[in-house]
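Chemist:
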Amino acid sequence: MDYRDIFRRSSVLLLVALISGLFLWMVRSFLMALLLAAIFSGLASPMFRWFKKRLGGRDGLSASVTLLVLSLVVGIPLSIFLGVVVTQALDVSQSARPWIEAQMERPGVVQEYLSAIPLVGEYMPDEAVIASKLGEFASTAGSFLANSVVDLSRGTANFFLQLFVMLYAMYFFLTNGRSILNRILYYVPLEADAEEELVEKFVTVTRAVLKGSMVIGVIQGALAGAAFWVAGVPGWAFWTAVMVVLSIVPAIGSALVWIPAVAYLAVTGQGGAALAVGLWCGLVAGSVDNFLRPALVGKDTKMPDLLVLVGTLGGIFLFGAVGFIFGPIIVALFLAVWELYGEVFKEWLPPMPEKPVMATESAAPAKPDATE
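First residue of the sequence shown? That's 5 in my numbering, and the numbers climb one at a time after it.
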């Protein structure tokens with residue numbers, strides 16, 4: 005290859021990088037909507053194919069019916085529920101601190117509640133310290149919730165614009181998704197088998213993790229939230245949404261909410277409701293993960309719980325609420341890329357041991373030869 009070919013190819017690469025960077029910068033406001041559209045269209049592709057088979061193979065009509073069904077079954081109920089959540093979040097933020105302060109004004113109330121707990125009364129701090137710390141916590145939580153509500157209402161117009169872009173992109177991805185994917189893979193400098201393996205691994209793990217995180221989270225949150233609603237827990241819809249997110253934490257996720265709710269019911273003199281909510285959430289809602297996760301995720305595609313947890317929480321901190329979806333997706337892509345790396349460079353890597361070798365085994369002295 006002479007210098008002219010090197011210059012020509014370098015110029016093309018530089019031009020591609022510059023124009024691609026300019027394009028991404030231009031559409032940066034809609035990247036989140038496009039990514040969500042790609043994810044949701046991938047999840048909705050089985051429904052799209054089902055409609056396509058029954059509508060004579062018409063892609064446009066099948067995609068339209070798919071989006072209509074998703075909007076009616078998921079979109080409208082979710083929008084109504086989120087409206088209730090936002091309203092109750094503001095109510096919780098405004099009422100949390102006054103309720104705590106009212107409880108603190110009752111003489112000896114903290115000692116009365118906590119002295120019944122073994123070993124607590126002996127080491128219990130002064131009531132004024134507890135009141136101060138609880139007030140600070142309530143104030144911080146209230147400010148966070150109120151600011152979130154203000155930010156959400158401020159971006160209503162932008163939300164509808166993003167929603168329109170996402171739905172339009174979903175229609176396009178459903179009708180032309182495979183050709184777009186093939187075009188992208190054409191520019192990836194990998195063999196066809198490696199490309200297909202990467203895509204298959206990524207799609208399989210992503211679909212399994214999203215089903216495991218979202219479906220199980222929604223069911224757990226709905227069951228516990230129904231108990232909150234029946235028991236009359238203030239802000240039940242808001243706490244239901246919180247439990248849906250916290251369900252990613254293995255074993256104790258939703259319990260981080262319903263255990264304090266049980267304590268609240270007991271403190272306010274509703275012992276029967278507290279017992280009923282505790283039994284329902286502990287025995288019914290808490291067992292959903294054990295029964296449904298193996299069926300939805302499967303053993304072969306199950307992502308380690310630690311990666312699901314840190315990926316989802318990291319996604320929420322980085323991307324906001326949509327990080328609940330993007331976090332596990334990025335973790336799935338991370339695992340798929342490293343598996344691809346191991347496949348491409350397997351000739352350079354040592355063989356993978358079938359069973360981990362313990363340090364004590366590797367350090368054990370060799371047995372003396374019988375001939376010595």
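Here a beta-carbon is modelled for each residue, glycine too, at the ideal position from N, C-alpha and C.
1. Among residues of its own chain, excluding the 5 on either side of F323, which ones have a beta-carbon nearer than 7 angstroms to its beta-carbon?
2. Ends of the alpha helix (DSSP H) at Q274?
3. If we ignore side chains and look at the alpha-carbon of each, how far apart do Y190 and G225 end up?
4. Counting C-beta neighbours from all protein chains within 10 Å, is the total for L214 16 or more, i.e. buried, or is it exposed?
5. Rounded to whole angstroms, how far is the Cβ of M218 from the Cβ of L40, which I believe are closer than 8 angstroms?
6. Grab the span of the alpha helix (DSSP H) containing L71 for me, first residue to last.
7. Counting along the chain, where does the alpha helix (DSSP H) carrying P308 start and finish?
8. Taking all protein chains shown into account, decide if F27 is buried (16 or more other Cβ within 10 angstroms of its Cβ) or exposed.
9. Express the C-alpha separation of L194 and L185 in angstroms, rounding to a whole number.
10. At least one CB of chain D closer than 7 angstroms to the CB of F177: is that the case?
11. May I have the straight-line CA-CA distance separating A48 from Q274, to the nearest angstrom?
12. Can you tell me the Cβ-Cβ gap for A280 and S258, rounded? I've got them flagged as a contact below 8 angstroms.
13. Excluding the 5 residues preceding and the 5 following F52 in the sequence, name in chain order all residues of the same chain whose CB lies nearer than 7 angstroms to its CB.
14. Rounded to whole angstroms, how far is the Cβ of L344 from the Cβ of L202, which I believe are closer than 8 angstroms?
15. Apply the 10 Å Cβ neighbour rule to L17 and answer buried if 16 or more other Cβ atoms are within range, or exposed otherwise.
16. Kindly indicate which residue of A235, R211, G346, I188 has the alpha-carbon position closest to the one of A265.
17. For a quick check, are the C-beta atoms of A251 and G221 less than 7 angstroms apart?
18. Taking Cβ positions, are V248 and V261 nearer each other than 7 angstroms?
19. Report the rounded CA-to-CA distance for W352 versus G346, giving the unit in angstroms.
20. Check D6 in the structure and name its three-state DSSP category.
21. In chain order, what residues of the same chain lie with their CB nearer than 6 angstroms to the CB of G327, ignoring the 5 residues before and after it?
22. Which value, in whole angstroms, describes the spacing of the CA atoms of V124 and F295?
23. In its own chain, which residues sit with a C-beta less than 7 angstroms from the C-beta of Y127, not counting the 5 before and 5 after it?
24. Give the range of the alpha helix (DSSP H) segment to which L39 is assigned.
25. Rounded to a whole number of angstroms, what is the C-alpha to C-alpha distance between L59 and V73?
26. Hey, how far is the Cα of V237 from the Cα of L269?
27. Would you kindly work out how many angstroms separate the C-alpha atoms of R187 and T316, rounded to a whole number?
28. For I333, which residues in the same chain have their Cβ closer than 7 angstroms to its Cβ, ignoring the five residues on either side in sequence?
29. Given that a residue counts as buried once 16 or more other Cβ atoms are within 10 Å of its Cβ, and exposed if not, what is W284?
30. Under a three-way DSSP split, which group does V314 fall into?
31. Tell me the rounded alpha-carbon separation between W240 and G286.
32. How is P354 classed by DSSP in three states: helix, strand or coil?
33. Taking F176 as the reference, which of L38, S33, A267 has the closest Cα?
34. On a CA-only basis, which of D63, V312, V348 is nearest A196? Give me that one, please.
Modeler: Looking at the atomic coordinates:
1. Counting from 1 along the sequence shown, the entry for residue 323 is found at position 319. Once the five neighbours on either side are set aside, the close Cβ partners of F323 are F330.
2. Walking along the sequence shown from the start, residue 274 turns up at place 270. Counting along the chain, Q274 falls outside any alpha helix (DSSP H), and DSSP gives it neither H nor E.
3. Along the sequence shown, one-based indexing puts residue 190 at 186. Along the sequence shown, one-based indexing puts residue 225 at 221. For Y190 and G225, the distance between alpha carbons rounds to 43 angstroms.
4. Taking the first residue of the sequence shown as position 1, residue 214 is located at position 210. The residue is buried, with at least 16 neighbouring Cβ atoms inside 10 Å.
5. Counting from one through the sequence shown, the residue named residue 218 turns up at place 214. Counting from one through the sequence shown, the residue named residue 40 turns up at place 36. That belief does not hold up - the Cβ atoms of M218 and L40 are roughly 13 angstroms apart, past 8 angstroms.
6. One-based indexing of the sequence shown puts residue 71 at position 67. Taken as a continuous stretch (DSSP letters only), the alpha helix (DSSP H) holding L71 covers 63-74.
7. The residue given as residue 308 occupies position 304 in the sequence shown. Neither: P308 is in no alpha helix (DSSP H) and is coded neither H nor E.
8. As a position in the sequence shown, residue 27 is number 23, starting the count at 1. Exposed.
9. In the sequence shown, residue 185 corresponds to position 181, counting from 1. In the sequence shown, residue 194 corresponds to position 190, counting from 1. Going from the Cα of L185 to the Cα of L194 covers about 14 angstroms.
10. Looking for chain D here will not work: only one protein chain is present.
11. Translated into positions along the sequence shown, residue 48 becomes position 44. Translated into positions along the sequence shown, residue 274 becomes position 270. Taking the straight line from one Cα to the other gives about 44 angstroms.
12. Start at 1 with the first residue of the sequence shown, and residue 280 comes out as number 276. Start at 1 with the first residue of the sequence shown, and residue 258 comes out as number 254. 16 angstroms between Cβ atoms; not a contact.
13. Here residue 52 refers to the residue found at position 48 of the sequence shown. So the list reads S66, A67, T70, L178, once near-sequence residues are dropped.
14. Counting from one through the sequence shown, the residue named residue 344 turns up at place 340. Counting from one through the sequence shown, the residue named residue 202 turns up at place 198. At roughly 5 angstroms, the Cβ-Cβ gap stays under 8 angstroms, so L344 and L202 are in contact.
15. Counting from 1 along the sequence shown, the entry for residue 17 is found at position 13. L17 should be labelled exposed.
16. What you label residue 265 is simply residue 261 of the sequence shown in a count that begins at 1. Cα-wise, what sits closest to A265 is A235.
17. Counted from its first residue, the sequence shown places residue 251 at position 247. Counted from its first residue, the sequence shown places residue 221 at position 217. The sequence as given places Ser at residue 251; Ala does not occur at that position. Cβ atoms of S251 and G221: closer than 7 angstroms.
18. Residue 248 sits at position 244 when you count from the first residue of the sequence shown. Residue 261 sits at position 257 when you count from the first residue of the sequence shown. Taking 7 angstroms as the cut-off, the beta carbon of V248 is found no closer than this to the beta carbon of V261.
19. Within the sequence shown, residue 352 is the residue found at index 348, counting from 1. Within the sequence shown, residue 346 is the residue found at index 342, counting from 1. Between W352 and G346, the C-alpha separation is close to 9 angstroms.
20. What you label residue 6 is simply residue 2 of the sequence shown in a count that begins at 1. Of the three classes helix, strand and coil, the one that applies to D6 here is coil, per DSSP.
21. For the purposes of this step, residue 327 is taken as the residue at position 323 of the sequence shown. Here the set comprises G319, I320.
22. Mapped onto the sequence shown, residue 124 falls at position 120. Mapped onto the sequence shown, residue 295 falls at position 291. Residue placement at V124 is flagged as unreliable, the pLDDT there being 44, under the threshold of 50; the coordinate-derived value follows with that caveat. The alpha-carbon atoms of V124 and F295 are separated by roughly 36 angstroms.
23. As a first step, residue 127 is located in the sequence shown; it is residue number 123 there, counting from the start. Per-residue confidence for Y127 stands at a pLDDT of 47, beneath the threshold of 50, marking its modelled position as unreliable; the derived number appears in the next sentence. The answer is none, since no qualifying residue turns up.
24. Taking the sequence shown and counting its residues from 1, one reaches residue 39 at position 35. Unbroken alpha helix (DSSP H) run through L39: 35-58.
25. For the purposes of this step, residue 59 is identified with residue 55 of the sequence shown, where counting begins at 1. For the purposes of this step, residue 73 is identified with residue 69 of the sequence shown, where counting begins at 1. Going from the Cα of L59 to the Cα of V73 covers about 15 angstroms.
26. Residue mapping note: residue 237 aligns to position 233 of the sequence shown, counting from 1. Residue mapping note: residue 269 aligns to position 265 of the sequence shown, counting from 1. Roughly 8 angstroms separates the two Cα atoms.
27. Taking the sequence shown and counting its residues from 1, one reaches residue 187 at position 183. Taking the sequence shown and counting its residues from 1, one reaches residue 316 at position 312. Taking the straight line joining both Cα atoms gives about 30 angstroms.
28. Numbered from 1 along the sequence shown, position 329 holds the residue referred to as residue 333. Hits under 7 angstroms: I43, T210.
29. In the sequence shown, residue 284 corresponds to position 280, counting from 1. Its Cβ being crowded by 16 or more others within 10 Å, W284 is buried.
30. Counting from one through the sequence shown, the residue named residue 314 turns up at place 310. Helix.
31. Here residue 240 corresponds to residue number 236 of the sequence shown, with the count starting at 1. Here residue 286 corresponds to residue number 282 of the sequence shown, with the count starting at 1. Approximately 17 angstroms, taken between the alpha carbons.
32. Position 350 of the sequence shown, counted from the first residue, corresponds to residue 354. Of the three classes helix, strand and coil, the one that applies to P354 here is coil, per DSSP.
33. For the purposes of this step, residue 176 is taken as residue 172 along the sequence shown, with counting starting at 1. Here the closest residue by C-alpha is L38.
34. For the purposes of this step, residue 196 is taken as the residue at position 192 of the sequence shown. Out of D63, V312, V348, V348 has the C-alpha closest to the C-alpha of A196.
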